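Below is one structure, written out as structure tokens; comments come after it.
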Amino acid sequence: MIRYSYARPGSLEEAVREAASHPEAKFIAGGTNLVDLMKYEVERPRHLIDVTRLPGLDRIEETQAGGLRIGALVSNTAVAWDERVERRYPLLSSAILAGASPQLRNAATTGGNLLQRTRCYYFYDTATPCNKREPGSGCPAIEGVNRIHAILGTSDRCIATHPSDMCVALAALEAVVHVAGPRGERAIPFAEFHRLPGDTPEADTTLARDEVVLAVELPPEGFAANHSYLKLRDRLSYAFALVSVAAALEVEGGTVKRARLALGGVAHKPWRDTGAEAMLAGRPATAESFAAVADAVLAPARGYKDNAFKIDLARRAIRRALAQAAAGTPQSQTDKRIA
Ligand code: SF4
Numbered sequence: 148m149i150r151y152s153y154a155r156p157g158s159l160e161e162a163v164r165e166a167a168s169h170p171e172a173k174f175i176a177g178g179t180n181l182v183d184l185m186k187y188e189v190e191r192p193r194h195l196i197d198v199t200r201l202p203g204l205d206r207i208e209e210t211q212a213g214g215l216r217i218g219a220l221v222s223n224t225a226v227a228w229d230e231r232v233e234r235r236y237p238l239l240s241s242a243i244l245a246g247a248s249p250q251l252r253n254a255a256t257t258g259g260n261l262l263q264r265t266r267c268y269y270f271y272d273t274a275t276p277c278n279k280r281e282p283g284s285g286c287p288a289i290e291g292v293n294r295i296h297a298i299l300g301t302s303d304r305c306i307a308t309h310p311s312d313m314c315v316a317l318a319a320l321e322a323v324v325h326v327a328g329p330r331g332e333r334a335i336p337f338a339e340f341h342r343l344p345g346d347t348p349e350a351d352t353t354l355a356r357d358e359v360v361l362a363v364e365l366p367p368e369g370f371a372a373n374h375s376y377l378k379l380r381d382r383l384s385y386a387f388a389l390v391s392v393a394a395a396l397e398v399e400g401g402t403v404k405r406a407r408l409a410l411g412g413v414a415h416k417p418w419r420d421t422g423a424e425a426m427l428a429g430r431p432a433t434a435e436s437f438a439a440v441a442d443a444v445l446a447p448a449r450g451y452k453d454n455a456f457k458i459d460l461a462r463r464a465i466r467r468a469l470a471q472a473a474a475g476t477p478q479s480q481t482d483k484r485i486a
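Mapping to this note's numbering: the sequence shown position 42 is 189, numbers consecutive.
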């Protein structure tokens, strides 16, 4: 049994003070991942700081720059079905609806989605070593069962993947994460929020232990006309991505003016490839262009014993998602059919 104390601060200042005075504290909101991890004794916090009563974090607001600011406590469901998000950022709505189940999306928060941890089997099994759970103990996934593991950005310490769908869309949309801690508030570009494993796979993000997520800010450009979120998985619902692709294009006269491309299920973080995006700009929006870009994205990929199939799967998924985006026929998430 894990013994822990519990606090439910009513202000941000109080929450930050709680974190500063309890070095082994964890913030909790929806609890859809942290409570599971506590049941498996993967996480053993001594103190829980319940942030669900912090004021002002439960709403979606327009920003002065013309974007949207989504409070950390807004549920995944509320984001996905928000009229402004559906109309201006349908890529984000689509990615959220591709993930989890309706019940989980009702409880899961925006801040928590960013901070959910890998679903690597070994990470959850405390009878096995795992560098992410216990630094220096080893990574059995590299030689072991690794069908769901990463093919890009891996290290010899960890080959885990980031499980979120929402974060893949946020990477493509160039969101910004607003956080607060004892040193004040700061804004973190989405590409810098999650990390590759390197020598320290125990750190998933660049967030300090005593910092709390306040909001995710979307820039004005939402690529509403030409986007697609394509998720490939073992079941058509309630399953993590083997490979997913967030594609967003600005197309003019059959030519790609601007492109955004991010992948899920293939790396320790949402895998955005700005080189591929630059390569697409100025090219005709054709199957040949998309195939060349897909090849470039997957060129550095490395497959392991069970997951080498992901390389070709990702290549095909990129081509398909870009074609869907260019045609303005995004992947439907409502009926769960892969067209
Ligand atoms: Fe642990 Fe990462 Fe290896 Fe999985 S892949 S066992 S999370 S170190």
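Using N, Cα and C, we set each Cβ at its ideal position, and we do this for glycine too. Everything numeric in this text was worked out from a predicted model, so none of it was measured.
**OP:** Counting only the same chain and skipping the five closest in sequence on each side, list residues whose C-beta sits under 6 Å from that of R466.
**Re:** Here the set comprises F437, A438, A441.
**OP:** Count the other C-beta atoms from every protein chain shown that fall within 10 angstroms of the C-beta of S391, then say buried if there are 16 or more, exposed otherwise.
**Re:** Label assigned to S391: buried.
Original post:
Since A321 is in the beta strand (DSSP E), which residue starts that stretch and which ends it?
Top reply: Per the sequence presented here, residue 321 reads as Glu, with Ala not at that position. For E321, there is no enclosing beta strand (DSSP E), as DSSP marks it with neither H nor E.
Original post:
In whole angstroms, what separates the C-alpha of N278 from that of S302?
Top reply: Approximately 11 Å between the Cα atoms of the pair.
Subject >> Distance cut-off 7 Å: K279 Cβ against heavy atoms of the ligand SF4 >> reply: Correct: K279 has its Cβ closer than 7 Å to the ligand SF4.
Original post:
Is I306 near the ligand SF4, going by C-beta to nearest heavy atom under 7 Å?
Top reply: I306: yes, Cβ under 7 Å from the ligand SF4.
Subject >> Own chain partners of R484 with C-beta closer than 7 Å, once the 5 adjacent residues on each side are dropped >> reply: Note that R484 scores 45 on pLDDT, short of 50, meaning its location in the model is unreliable and no value can be drawn from it.
Original post:
Does DSSP put I289 in a helix, a strand or coil?
Top reply: I289 falls in the coil class under three-state DSSP.
Subject >> Contact between the region 206–215 and the region 347–355 (3+ Cβ pairs under 8 Å) >> reply: Short answer: they don't touch.
**OP:** Confirm, please, whether the CB-CB distance from A307 to P344 is below 8 Å.
**Re:** Pairing P344 with A307 gives a Cβ-Cβ distance under 8 Å.
Original post:
Curious, which full-length alpha helix (DSSP H) runs of at least 4 residues does the region 178–256 contain?
Top reply: Segments of the alpha helix (DSSP H) lying fully in the region 178–256: 181–186, 223–228, 230–235, 237–244, 249–254.
Subject >> Alpha-carbon to alpha-carbon, A172 and A319 >> reply: If I take the Cα positions, the gap works out to 32 Å.
**OP:** Please report the residue range of the alpha helix (DSSP H) in which K173 lies.
**Re:** It is not in any alpha helix (DSSP H) - K173 instead sits in the beta strand (DSSP E) that spans 172–175.
**OP:** With DSSP collapsed to three states, give me the class of L389.
**Re:** It is coil, neither helix nor strand.
Subject >> Of the residues V324, K416, Y151, the one placed nearest H296, counting alpha carbons only >> reply: Of V324, K416, Y151, the residue nearest in Cα terms is K416.
Original post:
For the ligand SF4, is there a heavy atom less than 7 Å away from the beta-carbon of T199?
Top reply: No, since every heavy atom of the ligand SF4 falls outside the 7 Å radius drawn around the Cβ of T199.
**OP:** Whole angstroms is fine: what's the gap from C314's alpha carbon to S152's?
**Re:** Looking at the two C-alpha atoms, the distance is approximately 31 Å.
**OP:** Spatial neighbours of A176 within its chain, please: CB distance less than 7 Å, with the 5 preceding and 5 following residues excluded, ordered by chain position.
**Re:** Around A176: V198, T199, L220, T256, G258, G259.
Original post:
Applying the criterion that 16 or more other CB atoms from any shown protein chain within 10 Å of the CB defines a buried residue, is E188 buried or exposed?
Top reply: Exposure of E188 is indicated by the presence of fewer than 16 other C-beta atoms within 10 angstroms of its C-beta.
Original post:
Counting along the chain, where does the alpha helix (DSSP H) carrying L427 start and finish?
Top reply: In the DSSP assignment, L427 falls within the unbroken alpha helix (DSSP H) covering 421–427.
Original post:
Excluding sequence positions up to five away, which residues of its chain have a Cβ less than 8 Å from the Cβ of S311?
Top reply: Around S311: G246, N260, L261, Q263, G411, P417.
Subject >> Cα-Cα separation between A474 and I207, rounded to whole angstroms >> reply: Distance between the alpha carbons of A474 and I207 is about 30 Å.
Subject >> For R150 and A425, the rounded distance between their alpha carbons >> reply: Counting only the Cα atoms, R150 lies some 51 Å from A425.
**OP:** Would you list the residues sitting across from K378 in a DSSP beta bridge?
**Re:** The beta-bridge partner set that DSSP reports for K378 consists of S391.
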